[in-house]
Each structure stands twice: as C-alpha cells, then as structure tokens.
Amino acid sequence: MEFYRDYSLEELLEIYNTPLLELIYRAATVHRQYHDPAEVQISTLISIKTGGCPEDCAYCPQAARYHTAVEKHDLLTVEEVKEAAIKAKNAGASRLCMGAAWRNVRNNDDFDQVLEMVRVVNELGMEVCCTLGMITEHQAKRLADAGLYAYNHNLDTSVEYYNKIISTRTYDDRLKTLNNVAKAGVHICSGGIIGMGESVEDRLKMLLHLTRLRPHPHSVPINALVPVEGTPLQDQPIVSTWEMVRMIATTRIVLPKSQVRLSAGRLFMSQEAQALCFMAGANSIFAGDKLLTTGNPSFEKDMEMFQSLGLKPQPPFKHGPKPEVKETYKVKIQEKVKWDRPKLNNVNQN
Ligand code: SAM
Ligand code: DTB
Ligand code: SF4
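Residue numbers (this note's numbering): 30 to 379.
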C-alpha cells in the first residue's frame, strides 16, 4: 500500500463497512507491515490544571459551566509532576501526557512553570506530551526547546458536528494550532471521540482531515465518550465494541505508520474487547487508574492483560529521537496571543 494516499469519504466508508472479521484481518496486515504487533506504548495522563475551563465542549467534565463532580485544582508544582512521572515510569510508562483545562496558553508564569515540567520529565528519559489548548508558533517552539516530544490537540469529530459540540472555538483554530506544532518540529498527537451522537460519516470526515496532514499525526487517540453526569452528553449510550473496533481498524489502515491509541473508555471494555482492538491495529493505551478526571483500569489489571495477550510495553523514543533541551526555551518574546471567539449561538448552555 502506498503510504500517503488521498482518500475520499466513499473509500473510507467502504473500509469502515467491510465485514468485521475481514476488516480486522486487513488492519492487522497493515499493522504488521509497520509495527511490532507485540509492542504497545504505555502513556500516563496527568491533569496538571483541573476544571474551571471557559470552553463549552459538551463532552467535558472540566468545563466551568457544567455542574459536574470535578474539583477545580490550580496548576501543580514541578515537584508534584516529577513525582508522578517517576511513579508512571517505574510502572512501565514510556510517555507522560500533561493536560490542562485551558482554552489556550498565555505567556505568563504558569506557562513558564509548564516549561520546567517538560524539561524535568524529559530529563527522566520519558517522552513528554502536553495538551494545553491552542498555542502559537512561538509557544510551540519554547515547548520544543524545553524537550517536548509530542503535543495533543484533537480534532474530535467532523467540522459539521464540531459546531454542535463546541461553540466557543472554531475547527480552523484547531487546525492552526496543529500547524504551529508541526512548524516547531514537535510530533502531532491528534484524534477524536466517538459516541457523542455523531454519524459514521462524521467520524470518517475527521479521519479524512488527519490523513491530509503532512506528515501524518505521530499518534492518533481514539476515545470512546465517557459520559459524565452534569455534561450535556451525560445520557449518551456507551459505544459498542464493534464500533470501536471498526474505528480503530479504519484508522490503522489509512494512517499506517501512526501510533493508534485505544484511549478513553477502556473501563467499559472487557479485556477480550480490548484484545480485538489490539488485533485491529491499536498499539498504544493510556494507563494509570485515572485518565484526566475519570477512571481507567489499574496498572496491575493492564499488566495482567499484557501478560495474557503476550504484549510488551514499547520502549521510549522508538519512533523518534529524544528531544535535546535548549536553554532558549526561557526566552520570551512579546507577542499578542489572540484567539477569536466565534459568534455562534451558544449551543451547550444547560
Ligand atoms: N483543554 C485542552 C483541549 O481541549 O485541547 C486539553 C485537555 S482536553 C480534556 C483533551 C481531550 O480530552 C479532548 O480534546 C477530548 O478529545 C478528550 N476528552 C475530554 N472529555 C472526554 C470525555 N468525557 N470522554 C472522552 N474523551 C474526552
Ligand atoms: C485524549 O485524546 N484523551 C485523553 C488525552 N487525549 C488528553 C483525555 C481523555 C479524557 C477523558 C475524560 C476525563 O478523564 O476527564
Ligand atoms: Fe476545556 Fe479542553 Fe475540556 Fe474543552 S476539552 S472544556 S477546552 S478542558
């Protein structure tokens, strides 16, 4: 198979709707061409700033406007993050992903503190990923200089469905941030969520966007919605295993070199269901008993699963060198950070 290909929506639909066992077989074949099928990357999430977010993402328990059980927490200290990173590393994680409930990054003391966190975790020999909302090219460059390996910024769904889920920012600004990340030489981690009431076409339109990025995203998280009480999507039904397997297999086929991450939603899946996802080309998970604010299987349970399936954790920097820390990450420029607020009806007020 050619590596970069221009797919049409019809082609993606045809792949997605292939009889399931045939689809898994095709995806597994592609997977084996580019990856060691016994290796699964382990990434651990840490919420470095929790809750109180001004955005209205309908799925998110951290949006200030929804009444959820999430407790707000200011930015963690560098020491707290270092401690969590060491714990995750000792448990087998090769990557730490730090998430902040921000709309976008500001050039302030909090950002300077995040840069120190990146530096410290990089020095522990782990891949460092951040997900901080929208960032400028200069902010991406400083993160790169501090030793950032990847930046997570999800497209989440199709452009059309996005407007039903989020009204406080635009898809274009998401794409702009991805472009800023790429220009700084940081690996892109971008994927989406299924189970928000979107159609199969919406899911595949999101995938189409990802296949058109050059290079393809280094990693692609596929999240099943975790319906959280208090959010507008609290009553959405749990995504079925078959849908998750189809989405993962299609992603694997069209983004053959990317790490495909079986992300949120594993607490609702049996180990047998997860095994099907690995067979269909997933080769990464978030491990640790918490995602950002919701639950996840324990490390021990995941290690039991790895043992039963004969899987092993992927070592760090298998797909790219360890970023060198450059002291220039401390250099600030005067820039006006301005991300427009779209003038849409606020769809998610409840
Ligand atoms: N605030 C930043 C942003 O939105 O880019 C970073 C953190 S945000 C929580 C990261 C991603 O988590 C979202 O893009 C979404 O894909 C995922 N996410 C949030 N809540 C979720 C939920 N309830 N179920 C599944 N995925 C979720
Ligand atoms: C991603 O795609 N999924 C992760 C990570 N990137 C930041 C977040 C999942 C969050 C699930 C809901 C929660 O725990 O708050
Ligand atoms: Fe804020 Fe990110 Fe949650 Fe949206 S997904 S409400 S931007 S933390």
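C-beta: ideal position from N, C-alpha, C; glycine also.
Where residue i and residue j are concerned, what is the direct C-alpha to C-alpha distance, given to the nearest angstrom?
i, j, result
"Ile314", "Ile75", "14 Å"
"Thr270", "Thr240", "24 Å"
"Asp35", "Glu108", "46 Å"
"Asp65", "Pro344", "12 Å"
"Asp369", "Arg198", "8 Å"
"Leu38", "Asp231", "10 Å"
"Asn208", "Ala113", "30 Å"
"Glu353", "Glu227", "41 Å"
"Ala383", "Gly214", "The question about residue 383 has no answer, for the chain in this structure spans 30 to 379."
With residue i and residue j assumed to form a contact (beta carbons below 8 Å), what rounded beta-carbon distance in angstroms separates them?
i, j, result
"Ile195", "Glu84", "7 Å"
"Val289", "Ile53", "Not quite, the Cβ-Cβ distance comes to about 13 Å (not below 8 Å), so this is no contact."
"Gly224", "Leu184", "In fact, because the Cβ distance is near 16 Å, the residues do not count as touching under 8 Å."
"Val397", "Thr280", "As displayed, the chain neither begins before 30 nor continues past 379, which places residue 397 out of reach and without an answer."
"Ile251", "Ser292", "6 Å"
What residue does the alpha helix (DSSP H) around residue i start on, and which one ends it?
i, result
"Gln343", "It is not in any alpha helix (DSSP H) - Gln343 carries neither H nor E in the DSSP assignment."
"Glu272", "270-283"
"Val55", "For the record, residue 55 in the displayed sequence is Arg; it is not Val. It spans 49-63 - the alpha helix (DSSP H) in which Arg55 sits, taken as one unbroken run."
"Lys234", "229-240"
"Leu38", "38-45"
"Ala253", "Ala253 -> not in any alpha helix (DSSP H); beta strand (DSSP E) instead, spanning 248-253."
"Arg203", "200-212"
"Ile267", "Here Ile267 belongs to no alpha helix (DSSP H), and DSSP marks it neither H nor E."
Could you tell me the boundaries of the beta strand (DSSP E) in which residue i lies?
i, result
"His216", "216-218"
"Tyr180", "179-181"
"Ala114", "Taken as a continuous stretch (DSSP letters only), Ala114 belongs to no beta strand (DSSP E), being part of the alpha helix (DSSP H) at 107-120."
"Lys78", "68-78"
"Ala93", "Taken as a continuous stretch (DSSP letters only), Ala93 belongs to no beta strand (DSSP E), as it is neither H nor E."
"Val188", "Unbroken run through Val188 is the alpha helix (DSSP H), 188-194; no beta strand (DSSP E)."
"Val289", "288-291"
"Gly221", "221-223"
Looking at ligand 4, does it come within less than 7 Å of residue i, judged from the CB to the closest heavy atom?
i, result
"Cys126", "Within the structure as shown, ligand 4 is missing, the only ligands being ligand 1, ligand 2 and ligand 3."
Original post:
Mind pulling the beta strand (DSSP E) runs of 3 or more residues that sit fully within the segment 124-175?
Top reply: You should have 124-129, 156-160.
**OP:** Please list, following the chain, all residues that have a C-beta closer than 5 Å to any non-hydrogen atom of ligand 3.
**Re:** That query returns the following residues: Cys82, Glu84, Cys86, Cys89, Gln91, Ala92, Ala130.
**OP:** Entirely within the segment 300-334 and at least 3 residues each: give me those beta strand (DSSP E) ranges in chain order.
**Re:** Runs of the beta strand (DSSP E) inside the segment 300-334: 313-315.
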